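For the sequence shown, counting from 1, position 332 maps to 332 in the UniProt record's numbering; every step adds exactly one. Where a beta carbon is used, it is the ideal one built from N, C-alpha and C, also for glycine. Just so we're clear, the structure is a prediction, and the values are computed from it rather than from any experiment. Accompanying notes for the structure given below.
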Amino acid sequence: MSFETTINTSTSTPLDSRSSLRRKPTTRKRTNRKEKRLEILARRGDQSLLELGKGCLAVVMTQSQRTRYLKTGGVLALLLFFIYILSPSSNPSTSIGSHTTTSKCTKPHHPSKPLIQYALMIDAGSTGSRIHVYRFNNCGPTPELEHEEFKMTEKRKGGAGLSSYGGDAEGAAKSLDPLMQVALDTVPEEYRSCSPVAVKATAGLRMLGPELSQKILEAVRHRLETVYPFPVVSKEQGGVEIMDGKDEGVYAWITTNYLLGNIGSPEQNPTAAIFDLGGGSTQIVFEPMFKVPDQMEDGDHKYELTFGGRKFTLYQHSHLGYGLMAARNAVHKAIVETMHTSNGEDRSWLSDPIINPCVGPGMEAAVNVTLAEDHPLGAKLQVKMVGPKEGSSAAAQCRSIADKILRKDAECALKPCSFNGIHQPSLAKTFAREDVYIFSYFYDRTAPLGMPDSFTLRDLQHLTSTVCSGEGSWGVFSGIADALEELKGRPEYCLDLNFMLSLLHHGYEMPLDREVKTAKKIDGNELGWCLGASLPLLSKDSGWQCRVKQIT
């Protein structure tokens, strides 16, 4: 141990020594410099006293420096303290735009869950793909949605859905890159490795056939797993798949009732029915209420669901081939078949415009019609269709064709049936007063024409009649922004509205005075099946694992 160390641990000795040094007389000229005194001591050969003097000098200098350091450090500490207090990020419950905190709480309801979670869902629909990036907090027993980012693929010639790429599986996979960029821009880097992504394709890809569709799905999975940092939900849990129609409808039901607060809360609220009109299929899901001792018949239509600790027995069905785009083709096909039957072997009518009561009066459209593979006219056919004269009964004629394609006369093995031989409990008897939400194309075709968020089927009937009457009756839309441009740009608007009315009134047998609600969003969040499909991904054993250590 050095002498200096001993001094630092025993302060009495050097202080006494320093006093004696100041009192010691000398025969040489007095000086105030301590170094000079040390030199005198050294000449006298008092080496041990010299070492002691050096130690005393070190103590004096150390104390002086320590005083300065303490003063400076105190000022800096005080400054840093005020910066910390004034900084907006110091309070996690009020931080604006913070990625790792929430204003709702400071810790999760259950310690096994992180405070914040993200989930990514890609809706690979028949007309295009869309990504939903959801941010949730786990402040309560059920995850609470805080924010949603939404983007869809740009329109392109030939279509923007995965199915439009046909045999180009790699091109289909790359078409999702702009959507995944939204995910990269939205999800903080530290959360990406624990934010699952899933891709659910709907009716459009299903119609492409098993071989081509499977190649596209494999290409999509490979690109997501190799290019992006997000964990992809496993094959076993349907991470990249063609979604079953019944799941599509039930997920949409969960989304709607979750956003309405009907499920996931302690209250036992009545639930709303959902009617979702896509491009290739349409779904209906509701919770029928039977009078004792009646109950729902067993079958594929019956769906038992537990959500937020509450059990539901739902009726659901996905009507493949009855989405809006599929219905358009069915109507056009019915008109072509009528022309073909009435003209026999004569094909000259194909070169002339075909009058179609579902096309707006005075308007025309080049229509691609898909027929049976062995049809005498070929599997694919393009014809020119024109609307009837103004003032004709176009709406009624078009409605008649729309009613026909629903096949209400099909055999009903399990009564009662809605249409096309499909069993369905009567809405009038089991769901007469509860809310009915219609969305997707239902909203896209009514909202631009000024229809309110809630209307009756009779209101829809009046709207359809006005649209199908032609431009001479469209003056009522002049005060609605972009309504006239919307009508003039869509020759098949009359067809679309007629099919929607026919589906609800004739197909589902809803009375004309029944009120329906339509929306694209609830509380700023998109309706549809995506949110309902994303919520289960926040639970354990949902088919994915963090790529690195989990965020806590």
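Straight-line CA distance for I335 to N356?
As a first step, residue 335 must be located in the sequence shown, where it is residue number 335. As a first step, residue 356 must be located in the sequence shown, where it is residue number 356. Spanning the two alpha carbons is a distance of roughly 7 Å.
Are the CB atoms of A119 and P196 within a distance shorter than 8 Å?
If you number the sequence shown from 1, residue 196 lands on position 196. If you number the sequence shown from 1, residue 119 lands on position 119. Yes. Within cutoff.
Taking all protein chains shown into account, decide if P210 is buried (16 or more other Cβ within 10 angstroms of its Cβ) or exposed.
Taking the sequence shown and counting its residues from 1, the one referred to as residue 210 is at position 210. P210 is exposed by the Cβ-count criterion.
Going by CA-CA distance only, name the one from S469, G299 and M296 that's closest to G360.
Start at 1 with the first residue of the sequence shown, and residue 360 comes out as number 360. Nearest C-alpha to G360: S469.
Check each candidate in Q181, S534, S440 and S129 and name the one with the smallest Cα separation from T163.
Counting from 1 along the sequence shown, the entry for residue 163 is found at position 163. Reading off the sequence shown, one finds Ser at residue 163, where the question assumed Thr. Measuring from the Cα of S163, the nearest candidate turns out to be S129.
Here's the rule: buried if 16 or more other CB atoms are within 10 angstroms of the residue's CB, otherwise exposed. What is R156?
Start at 1 with the first residue of the sequence shown, and residue 156 comes out as number 156. R156 comes out exposed.
Which residue marks the beginning of the alpha helix (DSSP H) containing M325, and which one marks its end?
Counting from one through the sequence shown, the residue named residue 325 turns up at place 325. Here the alpha helix (DSSP H) through M325 covers L324 to N343.
Does the structure place the segment 421-440 close enough to the segment 529-540 that three or more beta carbon pairs sit under 8 Å?
no
Tell me, please, whether the segment 446-465 touches the segment 510-521 by the rule of three or more beta-carbon pairs shorter than 8 Å.
Judged by Cβ distances under 8 Å, the segment 446-465 makes contact with the segment 510-521, as three or more pairs qualify.
By Cβ distance, which residues of its chain are closer than 7 Å to R310, with the 5 residues on each side in sequence left out?
Sequence index remark: in the sequence shown, residue 310 carries index 310 (1-based). Hits under 7 Å: I263.
Is V292 helix, strand or coil by DSSP?
In the sequence shown, the residue the question calls residue 292 occupies position 292. Note: V292 maps to coil in three-state DSSP.
Please tell me whether A172 and V220 are closer than 8 Å, where the distance is taken between their beta carbons.
For the purposes of this step, residue 172 is identified with residue 172 of the sequence shown, where counting begins at 1. For the purposes of this step, residue 220 is identified with residue 220 of the sequence shown, where counting begins at 1. In contact: A172 and V220 (Cβ atoms closer than 8 Å).
So, for M339: in the same chain, excluding its five sequence neighbours on each side, which residues have a beta-carbon less than 7 Å away from its beta-carbon?
Numbered from its first residue, the sequence shown carries residue 339 at position 339. Cβ within range, chain order: W349 and I354.
By Cβ distance below 7 Å, which residues in the same chain neighbour R192 in space, the five residues on each side in sequence not counted?
For the purposes of this step, residue 192 is taken as residue 192 along the sequence shown, with counting starting at 1. Closer than 7 Å at the Cβ level, and outside the excluded window around R192, lie P229 and F230.
Suppose you measure from the CA of G159 to the CA of A326; what does that come to, to the nearest Å?
Here residue 159 refers to the residue found at position 159 when the sequence shown is read from its first residue. Here residue 326 refers to the residue found at position 326 when the sequence shown is read from its first residue. Whole-angstrom Cα-Cα distance: 15 Å.
Looking only at its chain, what residues have a beta carbon closer than 6 Å to the beta carbon of F307, apart from the 5 residues adjacent to it on each side?
As a working note, residue 307 is residue 307 in the sequence shown. The answer, listed in chain order, is I263.
Taking the Cβ atom as the reference point for each residue, do P448 and A410 lie within a distance shorter than 8 Å?
The residue you call residue 448 lines up with position 448 of the sequence shown. The residue you call residue 410 lines up with position 410 of the sequence shown. No.
Answer yes or no: do G280 and L320 have a C-beta to C-beta separation smaller than 8 Å?
Locating residue 280 in the sequence shown gives position 280, counting from the first residue. Locating residue 320 in the sequence shown gives position 320, counting from the first residue. In contact: G280 and L320 (Cβ atoms closer than 8 Å).
Just tell me which of G239, Q424 and R223 has its CA closest to the CA of D541.
For the purposes of this step, residue 541 is taken as the residue at position 541 of the sequence shown. When only C-alpha atoms are compared, the closest one is G239.
Leaving out the 5 sequence neighbours to the left and right, which residues in its chain are closer than 7 Å to N525 when beta-carbon positions are compared?
Against the sequence shown, residue 525 aligns to sequence position 525. Closer than 7 Å at the Cβ level, and outside the excluded window around N525, lie L145, E148, L259 and L531.
Give the DSSP bridge partners of R135, in chain order.
In the sequence shown, residue 135 corresponds to position 135, counting from 1. According to DSSP, R135 bridges with Y118 and H147.
Could you spell out the range, first to last residue, of the beta strand (DSSP E) harbouring N262?
By one-based count along the sequence shown, residue 262 stands at place 262. For N262, no beta strand (DSSP E) run applies, since DSSP gives it neither H nor E.
Measuring only the C-alpha atoms, how far is residue 576 from N420?
Any property of residue 576 remains undetermined from this structure, which presents the chain solely from 1 to 552.
Here's a check: name, in chain order, each residue in its chain whose Cβ is nearer than 7 Å to the Cβ of T142, leaving out the five neighbours to either side.
Position 142 of the sequence shown, counted from the first residue, corresponds to residue 142. If we look at T142 and ignore the five residues flanking it on each side, its Cβ neighbours are G264 and G308.
Out of curiosity, what's the CA-to-CA distance linking R328 and V369?
Residue 328 sits at position 328 when you count from the first residue of the sequence shown. Residue 369 sits at position 369 when you count from the first residue of the sequence shown. C-alpha separation (whole angstroms): 9 Å.
Along the chain, where does the alpha helix (DSSP H) containing F499 start, and where does it finish?
Your numbering for residue 499 matches position 499 in the sequence shown. Segment Y493 to L501, the alpha helix (DSSP H) holding F499.
Compute the Euclidean distance between the alpha carbons of P536 and G166, then round it to the nearest angstrom.
Here residue 536 is taken as the residue at index 536 of the sequence shown, counted from 1. Here residue 166 is taken as the residue at index 166 of the sequence shown, counted from 1. Taking the straight line joining both Cα atoms gives about 31 Å.
Within this structure, are the beta carbons of F499 and L324 separated by less than 8 Å?
As a working note, residue 499 is residue 499 in the sequence shown. As a working note, residue 324 is residue 324 in the sequence shown. Cβ atoms of F499 and L324: closer than 8 Å.
Pick out the complete alpha helix (DSSP H) segments inside the segment 440-473, 4 residues or longer, and give them in chain order.
441-446 and 457-468
For the candidate residues D352, L179, N138 and G140, whose alpha-carbon lies nearest to that of E154?
Position 154 of the sequence shown, counted from the start, is the residue given in the question as residue 154. Nearest C-alpha to E154: L179.
Whole angstroms are fine: how far does the CA of Y303 sit from the CA of S213?
Working through the sequence shown from its first residue, we reach residue 213 at position 213. Working through the sequence shown from its first residue, we reach residue 303 at position 303. Rounded to the nearest whole angstrom, the CA to CA distance from S213 to Y303 is 27 Å.
Enumerate in chain order the residues of its own chain whose CB-to-CB distance from G543 is below 7 Å, with the five nearest sequence positions on each side excluded.
For the purposes of this step, residue 543 is taken as the residue at position 543 of the sequence shown. V233, S234, E236, Q237 and G239.
Since D276 sits in a beta bridge, which residues does DSSP pair it with?
Here residue 276 refers to the residue found at position 276 of the sequence shown. According to DSSP, which records beta bridges pairwise, D276 is partnered with Q283 and F439.
Report yes if the C-beta distance between T518 and I438 is below 8 Å; otherwise report no.
If you number the sequence shown from 1, residue 518 lands on position 518. If you number the sequence shown from 1, residue 438 lands on position 438. A contact, by the Cβ cut-off of 8 Å.
Measuring alpha carbon to alpha carbon, tell me which of I242, N269 and S392 ends up nearest G204.
As a first step, residue 204 is located in the sequence shown; it is residue number 204 there, counting from the start. Considering only I242, N269 and S392, the residue with the shortest C-alpha distance to G204 is I242.
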